[in-house]
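Enquirer:
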Amino acid sequence: EKKAANGELKHKRIKAVTLWRKMLSMLYETGHPWFTFKDACNIRSPQQHAGVIHSSNLCTEITLNTSKNEVAVCNLGSINLAQHVTAKGLDVKKLKKTISTAVRMLDNVIDINYYTVPQARKSNLRHRPVGMGIMGFQDALYKQRIPYASDQAVEFADRSMETISYYAIQSSSELAAERGSYDSYEGSLWSQAILPIDSIALLQEARGDYLEQDRSTTLDWDSLRTKVATRGMRNSNVLAIAPTATISNICGVSQSIEPTYKNLFVKSNMSGEFTVINPYLVADLKKANIWDEVMINDLKYYDGDVEKIARVPDELKKLYKTAFDIEPRWLIESASRRQKWIDQAQSLNLYMAEPSGKKLDITYRMAWLRGLKTTYYLRSMGASTAEKATVADGALNAVKISQPAACSIDNPDCEACQ
Numbered sequence: 012e013k014k015a016a017n018g019e020l021k022h023k024r025i026k027a028v029t030l031w032r033k034m035l036s037m038l039y040e041t042g043h044p045w046f047t048f049k050d051a052c053n054i055r056s057p058q059q060h061a062g063v064i065h066s067s068n069l070c071t072e073i074t075l076n077t078s079k080n081e082v083a084v085c086n087l088g089s090i091n092l093a094q095h096v097t098a099k100g101l102d103v104k105k106l107k108k109t110i111s112t113a114v115r116m117l118d119n120v121i122d123i124n125y126y127t128v129p130q131a132r133k134s135n136l137r138h139r140p141v142g143m144g145i146m147g148f149q150d151a152l153y154k155q156r157i158p159y160a161s162d163q164a165v166e167f168a169d170r171s172m173e174t175i176s177y178y179a180i181q182s183s184s185e186l187a188a189e190r191g192s193y194d195s196y197e198g199s200l201w202s203q204a205i206l207p208i209d210s211i212a213l214l215q216e217a218r219g220d221y222l223e224q225d226r227s228t229t230l231d232w233d234s235l236r237t238k239v240a241t242r243g244m245r246n247s248n249v250l251a252i253a254p255t256a257t258i259s260n261i262c263g264v265s266q267s268i269e270p271t272y273k274n275l276f277v278k279s280n281m282s283g284e285f286t287v288i289n290p291y292l293v294a295d296l297k298k299a300n301i302w303d304e305v306m307i308n309d310l311k312y313y314d315g316d317v318e319k320i321a322r323v324p325d326e327l328k329k330l331y332k333t334a335f336d337i338e339p340r341w342l343i344e345s346a347s348r349r350q351k352w353i354d355q356a357q358s359l360n361l362y363m364a365e366p367s368g369k370k371l372d373i374t375y376r377m378a379w380l381r382g383l384k385t386t387y388y389l390r391s392m393g394a395s396t397a398e399k400a401t402v403a404d405g406a407l408n409a410v411k412i413s414q415p416a417a418c419s420i421d422n423p424d425c426e427a428c429q
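Here the sequence shown stands for residues 12 to 429, numbered as in my numbering.
(1) Looking only at C-alpha atoms, which of Arg-55, Thr-237 and Gln-350 sits nearest to Ile-175?
(2) With DSSP as the reference, identify every bridge partner of Lys-278, one or two as the case may be.
(3) Is the distance from the Cβ of Asn-248 to the Cβ of Pro-140 below 8 Å?
(4) Determine the DSSP secondary structure at Ile-25, reduced to helix, strand or coil.
(5) Excluding the 5 residues preceding and the 5 following Lys-13 in the sequence, name in chain order all residues of the same chain whose CB lies nearer than 8 Å to its CB.
(6) Along the chain, where does the alpha helix (DSSP H) containing Ile-373 start, and where does it finish?
(7) I'd like to confirm something about Arg-170: is its beta-carbon nearer than 7 Å to some heavy atom of the ligand SAM, or not?
(8) For the putative contact between Thr-255 and Ser-267, defined by C-beta atoms under 8 Å, what is the C-beta separation to the nearest angstrom?
(9) Have a look at Tyr-126, Ala-51 and Gln-59 and flag the residue whose alpha-carbon is nearest the alpha-carbon of Val-82.
(10) Taking its Cβ as the centre, do 16 or more other Cβ atoms sit within 10 Å of Gly-283, making it buried, or is it exposed?
(11) Going by C-alpha distance, which of Lys-319, Thr-386, Ser-111 and Met-377 is nearest Leu-434?
(12) Just to check my reading of the structure: Ile-145 and Leu-92 have Cβ atoms closer than 8 Å, yes? What is that Cβ distance to the nearest angstrom?
(13) Going by beta-carbon coordinates alone, are Phe-167 and Leu-186 separated by less than 8 Å?
(14) Alpha carbon to alpha carbon, what distance is there between Gly-88 and Pro-423?
(15) If you follow the alpha helix (DSSP H) that Val-165 is in, where does it begin and where does it stop?
(16) With a threshold of 7 Å on Cβ separation, who are the neighbours of Lys-99 within its own chain once the five nearest residues in sequence on each side are excluded?
(17) Distance, Cα to Cα, Lys-21 vs Cys-52?
(18) On a CA-only basis, which of Asp-354, Arg-381, Ala-334 and Gly-382 is nearest Tyr-388? Give me that one, please.
(19) By the three-class DSSP mapping on this structure, what secondary structure does Ser-89 have?
(20) Rounding to the nearest angstrom, what Cα-Cα distance links Met-172 and Glu-344 in this structure?
(21) Pair every Cβ in the segment 231–251 with every Cβ in the segment 202–218, then say whether three or more of these pairs are closer than 8 Å.
(22) Quick one: what does DSSP say Cys-418 is sitting in, helix, strand or coil?
(23) Compute the Euclidean distance between the alpha carbons of Glu-40 and Ile-73, then round it to the nearest angstrom.
(24) Hey, how far is the Cα of Ala-164 from the Cα of Tyr-272?
(25) Going by beta-carbon coordinates alone, are Asn-119 and Val-84 separated by less than 8 Å?
(26) Do you know offhand how far Val-77's Cα is from Gly-62's?
(27) With a threshold of 8 Å, are at least 3 pairs of Cβ atoms found where one atom belongs to the segment 189–200 and the other to the segment 368–383?
(28) Thr-401 by DSSP, collapsed to three states: which one?
(29) Roughly how many angstroms lie between the CA atoms of Ser-259 and Arg-115, to the nearest whole one?
(30) Can you grab the Cα-Cα spacing for the pair Ala-378 / Ser-347, in whole Å?
(31) Out of curiosity, what's the CA-to-CA distance linking Val-239 and Ser-66?
(32) Here's a check: name, in chain order, each residue in its chain whose Cβ is nearer than 6 Å to the Cβ of Ala-251, leaving out the five neighbours to either side.
(33) Alpha carbon to alpha carbon, what distance is there between Phe-46 and Ala-427?
(34) Please classify Phe-285 as buried or exposed, where buried requires at least 16 other C-beta atoms within 10 Å of its C-beta.
(35) Rounded to whole angstroms, what is the Cα-Cα separation between Asn-280 and Glu-326?
(36) For the segment 88–131, which segments carrying the beta strand (DSSP E) assignment without a break, of at least 3 residues, lie completely within its bounds, in sequence order?
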């Protein structure tokens, strides 16, 4: 900035509003760029003293400082939240045990990892960051009969992440007592007994009135601050919510913190194409005694959208809303509650069936105002869809779908199968 002011650099000034509009226009057209907020990333970073965070990683959940001599590296793992929830809520005892094991394992990875460049090895061994996240958030809501677009879901996002943050920090601190603190610990926010929940005050101080983020707590954070001050921290960072696009499939749960994309879709891989349907929805439809061939055909016709199927009870329509039926504000509110506990960031996709400049402006201003550090893709609906059969009066419940024009594999008369 100083060189630009002295005329040493070529530059031009544009109005902030003009730049903002150009950013939103590009987002509208392509779903990119992924908006990240540098003030929140740096001000709330435990590693302020170690350098500046210039960018996130590709998926926007890793916010670590880089420099000429250091390439940031983070070792990730994700907890299957659905396996730590019952109809009554979180299984805190089981979750605590899982977190303790996960933090120890991720710390071990740092020492046995393969590093492609010396700068990455230097950075990882000096700061020892790990990024523990979650997957199966939507499954956890299903198990508790909580709709994603609800205050209960926002509250669950808050309380579940508070629990994970508490025991992740505690586990890293206990590991520090056993193995020693990371090399750059002194001068960090941890060394000043400033935990992620406390760093919101620093962001508030910098922004003034331009921050609206809940700060409620339920656990004994004072005792944890004392432990961290006494023992230190083994890892500079402990939390980051990754997209989990692949591992969630392996575990058979929903991706990361995502709402259900569709209740019915076709999955393609090297083995072929498979029709995948929401198992929770099927179980509830069977329980309601409306799981039959007609329902299957209706689900196929409406791409799994239960909103358009008249005989599906309203309770189930609310519970099984899919991503494009949920207002973006619900995703942002839940993400804001999580962000207050996270020392890095979260890979947050936003969904908008019919985006517009006004909607994007409101949505992304809200994300900034609620204290989010980053956002990921903006997902929108296709402008056109494949043509489907219709009926004269437009009433498509109980739509009939004819069998494909192909022989049965059991047909002994098919010459092609001889």
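From the three backbone atoms N, C-alpha and C, an ideal C-beta is built for every residue, glycine too.
Expert: The relevant details are as follows:
(1) Looking at the Cα atoms, Gln-350 is the closest of the given residues.
(2) Beta bridge pairing from DSSP links Lys-278 with Phe-285.
(3) Cβ atoms of Asn-248 and Pro-140: closer than 8 Å.
(4) DSSP places Ile-25 in coil when its eight states are reduced to three.
(5) The beta carbon of Lys-13 sits closer than 8 Å to none of the beta carbons in its chain outside the five residues before and after it.
(6) That run of the alpha helix (DSSP H) goes 368–380.
(7) Among the components of this structure there are no ligands whatsoever, and the ligand SAM is therefore not found.
(8) For a cut-off of 8 Å, the C-beta gap from Thr-255 to Ser-267 is around 5 Å, short enough to register as a contact.
(9) Closest option to Val-82, judged by alpha-carbon separation, among Tyr-126, Ala-51 and Gln-59: Tyr-126.
(10) The residue is exposed, with fewer than 16 neighbouring Cβ atoms inside 10 Å.
(11) No statement about residue 434 is possible, as the shown extent of the chain runs from 12 to 429 and does not include it.
(12) Under the criterion of beta carbons closer than 8 Å, Ile-145 and Leu-92 qualify as touching, at roughly 5 Å.
(13) Cβ atoms of Phe-167 and Leu-186: not closer than 8 Å.
(14) Per-residue confidence for Pro-423 stands at a pLDDT of 47, beneath the threshold of 50, marking its modelled position as unreliable; the derived number appears in the next sentence. When only Cα atoms are considered, Pro-423 and Gly-88 end up about 52 Å apart.
(15) From DSSP, the alpha helix (DSSP H) with Val-165 extends over 162–190.
(16) Hits under 7 Å: none found.
(17) Approximately 28 Å, taken between the alpha carbons.
(18) When each option's Cα is compared against that of Tyr-388, the closest is Ala-334.
(19) Correct three-state label for Ser-89: strand.
(20) Using only the alpha carbons, I get a separation of about 13 Å.
(21) Because the criterion of three Cβ pairs below 8 Å is met, the segment 231–251 and the segment 202–218 touch.
(22) Residue placement at Cys-418 is flagged as unreliable, the pLDDT there being 49, under the threshold of 50; the coordinate-derived value follows with that caveat. If DSSP states are grouped into helix, strand and coil, Cys-418 belongs with coil.
(23) Rounded to the nearest whole angstrom, the C-alpha separation of Glu-40 and Ile-73 is 26 Å.
(24) One C-alpha to the other measures close to 17 Å.
(25) No, these two residues do not count as a Cβ contact at 8 Å.
(26) The amino acid at residue 77 is misidentified as Val; the sequence shows Thr. One C-alpha to the other measures close to 7 Å.
(27) In short, these stretches do not touch, since the Cβ pair count stays below three.
(28) Residue placement at Thr-401 is flagged as unreliable, the pLDDT there being 45, under the threshold of 50; the coordinate-derived value follows with that caveat. Reduced to three states, the DSSP call for Thr-401 is coil.
(29) Between Ser-259 and Arg-115, the alpha-carbon positions lie close to 22 Å from each other.
(30) The straight-line gap separating the alpha-carbon atoms of Ala-378 and Ser-347 is approximately 8 Å.
(31) Val-239 and Ser-66 have their C-alpha atoms roughly 28 Å apart.
(32) If we look at Ala-251 and ignore the five residues flanking it on each side, its Cβ neighbours are Glu-72, Ile-73, Gly-142, Gly-144 and Gln-355.
(33) With a pLDDT of 41 at Ala-427, under the threshold of 50, the modelled position of that residue is not reliable, and no figure is offered here.
(34) Exposed, by the Cβ-count rule.
(35) CA-to-CA, the gap between Asn-280 and Glu-326 works out to about 34 Å.
(36) Counting only runs of 3 or more, we get nothing.
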